[in-house]
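Here's the structure, in structure tokens; my notes come after.
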Amino acid sequence: MAKASSILGQNARNHLFLSCNKKEGKRIANSKLLTKKVLKKHGLPTPAVLAVLRTDKKVNNFVWEDLPSNFVLKPSQGYGGEGVIIIKKKAKWAGEWYLMDNSIINTQDLKFHALEILSGRFRLHNVPDTAFIEERIKIQKIFTRYVYHGAPDIRVLVFNKVPVAAMLRLPTRESEGKSNLHQGAIGAGIDLATGITTYGIVNGQFIKYIPETKRKINGLKIPHWNEILKLAGKVQEAIPSLGFLGVDIILDKDRGPMILELNARPGLEVQVANMAPLRKRLERVEDLEVKDVDHGVKIAKALFAERFADRVMAEEGIKIVNTWEKIRLLDKDKKRHEIKAKIDTGAWRTSIDENLANDLGLLRPENVLWSKIYKSGLGVQEREVIGLNFYLAGRKIKTIASVAKRSDLRAQMIIGRRDLSDFLVKPRKF
Amino acid sequence: MLLELLQSQDPGALGPINFLKHALYWAVNQGFPLEFLVLILLLPLAVSLVVLLRYLVGIQGLGIFTPVMMGVIFLNTGLIPGIVIFLIILLFEILAIYLLRRFKIHFRAKMSLVLLMICFSFFPLLILFQRLNFQPIFSSALTSILVLILLGENLAETQFRKPPQKITKITIENLILATLSFFILSSYFLRKMAILYPELTILIALLANIIVGRFTGLRLLEYRRFRKLLKK
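Quick mapping for you: the protein sequence lines, in order, are chains A and B. As numbered in numbering that gives the first Met the number 0, residues 0 to 429 make up the first sequence, in order. As numbered in numbering that gives the first Met the number 0, residues 0 to 231 make up the second sequence, in order.
Structure below.
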């Protein structure tokens, strides 16, 4: 059961975490055109802009017929997907196009809509805005079976260079091809370690199947998952004035992940879609020293991996372990080493001897997640926390472990509660 | 009656905890209406309540201005007639927006047309108001009703932008906040407090805002929003 204090509410988001977003960063994120400009400067991929319409004159003289057969008309500073028109293809006559719901729109309508955008209709407080036309992304084949129409995108929340949560956003009939949850799109939580979808929500309700295509929502493996997480981290590296942001990433059929837009005020529904409270996660990574994007991704995968424990348990039943168990540790070359470990329900995190970890090559800098000062029964010491894989009672456990000097202790390794959720512990032998 | 209450009190020597009371005496003696002085002391309380409900409960309405303004208007029109007139304005607004939805003109021009249609709808409505015996309200709260019509613009703007469920929610929240502000501004108990302890009134508003302004926990309605997460 999640505690209320581990959930991120609006108060906590606005007060504690949005203050990490500085004025400059917000200015970039609020303007889609400026976002593209900055990202391009840093060599990060975004969908191409076909035309920018800044003035009424430009709109009136614009030749819509010269555009490719599909495109998207957007306000630069709109919010929540409002004012976006997605053109599906050309209709029978020149100057007419099909929208996503197969209704027809003509040059006059487009021109009028562009003028409405310029007048600031879709912007906060109705101040004048700029309209632009963006290429439409061809979506990956794996998604075509899932979505009714439109292009799904992936929202990744990044804080302190660590991706803290992700969600696949699938457009529905109701959302008219847009992927904003407020407009009725489906949000599906994604396990950060594997990139596999977990739960789905639409309009705040849990669903198992996509209404239009009758596809199961969970179990979809997002392609290019690592690249997506890294890309999200790179955005924050490029714009450090955004401390806590949502990065919307779309997968192009040929070009792979591209950044669609940034959000300096990400929504909170992602917690429900993932069934994972966010505040604790944010506090967890808040003061970690994250070296680079790869390091951030590594931390995220180790810390926030979804435990598919319930499913495993249903299939195999609960395993029973003794207080001393022979486990097989994987070293840096994935070779297995059998050692005896103590099951210690008094500890939260698994702990491993420094010498042993060193012998197995687990103390290489790439494998160290962070180091921290610990107070424990062994006194105050600085300990490193590393990524660790091992087999316990035939089950593979991918976890994190703190490194300690245990050479003069009986157990070279203890396994803590964090990794014991699928097991029952038998306290003594009979 | 409040005036007598004020005059029956002895403010004592001027000090740091009764300076506002002295100011009240002075203003009343100079001929400023007590009603105005009381309202100016209670207005921060009404605004604080709106803020409190926003951050602790999650009732947002349309910000601070619109609901408190409506509360002030209800003070003039009376609560029930005020709400009735507001709901009628709202009804016609929805109708006007529905009629103008597919009409392609600039946004502000459209808003202006919505207001025009509401104003015109008042002529047939006069029959209804006559049946309800509302005529005295229209003479005593003339400008208030005009402001109520204009406040409709705020709601109309959200109606053009947001999906229907959201508008119903915002409208109901707005009415709740307006009603509560009305009760604060008209409560005899609070009026008495404002006159007897004006400094305390201000202090309460001050503290409430500072405490709530630092609150980072879940809002009451968020417990419902995240109930599935909490249950897990």
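Here a beta-carbon is modelled for each residue, glycine too, at the ideal position from N, C-alpha and C.
Check	Outcome
Interface residues of chain A facing Phe106 (chain B) [CB-CB closer than 9 Å]	Glu115, Ser118, Gly119, Arg120, Asn125
Option in A:Pro256, A:Ser350, A:Glu173 with minimal Cα separation from Gln411 (chain A)	A:Ser350
Buried/exposed call for Pro364 (chain A), threshold 16 Cβ in 10 Å	exposed
Chain B contact for Pro276 (chain A) (CB, 8 Å cutoff)	yes
Nearest residue (CA-CA) to Ile27 (chain A), options A:Lys325, A:Lys215, A:Pro239	A:Pro239
Backbone CA spacing between Leu391 (chain A) and Leu38 (chain A) [nearest angstrom]	45 Å
is_contact[Glu226 (chain A), chain B] using C-beta, thresh 8 Å	no
Under 7 Å from the C-beta of Val320 (chain A): neighbouring residues of chain B	Here the premise fails: no neighbours, minimum Cβ distance about 25 Å.
Endpoints, beta strand (DSSP E) assigned at Trp323 (chain A)	323 to 329
Within chain B, partners of Leu15 (chain A) - CB distance below 8 Å	Thr215
Given Leu228 (chain A) as reference, the closest of A:His294, A:Arg144, A:Ala113 once Cα atoms are compared	A:His294
Where Ile6 (chain A) meets chain B, residues with beta-carbon distance less than 8 Å	Leu217, Glu221, Phe225, Leu228, Leu229
Option nearest Ser5 (chain A) by Cα separation, candidates A:Arg168, A:Glu282, A:Thr106	A:Glu282
Stretch pair the stretch 113 to 131 of chain A + the stretch 184 to 201 of chain A: three plus CB contacts closer than 8 Å	no
Inter-residue Cα distance where the pair is Gly79 (chain A) and Lys165 (chain B)	14 Å
Assigned exposure category for Gln29 (chain B) - 16 Cβ within 10 Å defines buried	exposed
Under 9 Å from the C-beta of Gln270 (chain A): neighbouring residues of chain B	Phe225, Leu228
Per-residue contacts from Arg160 (chain B) into chain A (C-beta, under 7 Å)	Glu81
Best match in A:Leu361, A:Ile385, A:Asp358, A:Ala403 for proximity to Val379 (chain A) [C-alpha to C-alpha]	A:Ala403
Pairwise C-alpha distance: Phe181 (chain B) and Asp418 (chain A)	57 Å
DSSP-derived helix/strand/coil call for Met507 (chain A)	Shown here, chain A extends from 0 to 429; a query on residue 507 (chain A) therefore has no answer.
Endpoints, beta strand (DSSP E) assigned at Asp152 (chain A)	152 to 158
Selection from B:Ala207, B:Lys227, B:Arg218, B:Phe225 that minimises the alpha carbon distance to Leu48 (chain B)	B:Ala207
Proximity below 8 Å, CB of Val269 (chain A) to CB of Ala164 (chain A)	yes
Enclosing alpha helix (DSSP H) for Phe181 (chain B) [first to last residue]	163 to 185
Val269 (chain A) in three-state terms, based on DSSP	helix
Whole-angstrom distance between Ala192 (chain A) and Pro162 (chain A), CA atom to CA atom	11 Å
Interface partners of Gln9 (chain A) on chain B, CB under 8 Å	Gly57, Arg218, Glu221
Cross-strand partners of Pro74 (chain A) (DSSP beta bridge)	A:Ala130
The stretch 72 to 83 of chain B in contact with the stretch 190 to 207 of chain B per 3-pair CB rule at 8 Å	no
Cβ distance (whole Å) where Leu387 (chain A) is taken to contact Ala400 (chain A) below 8 Å	4 Å
CB contact check: Lys191 (chain B) to chain A, cutoff 8 Å	no
Beta carbon proximity, Phe111 (chain A) to chain B, threshold 8 Å	yes
Any chain B beta carbon closer than 8 Å to Phe158 (chain A)	no
Close-in-space but distant-in-sequence residues of the same chain around Ala11 (chain A) (CB under 8 Å, 5 per side omitted)	Arg278
Rounded C-alpha distance that separates Ala263 (chain A) from Lys110 (chain A)	30 Å
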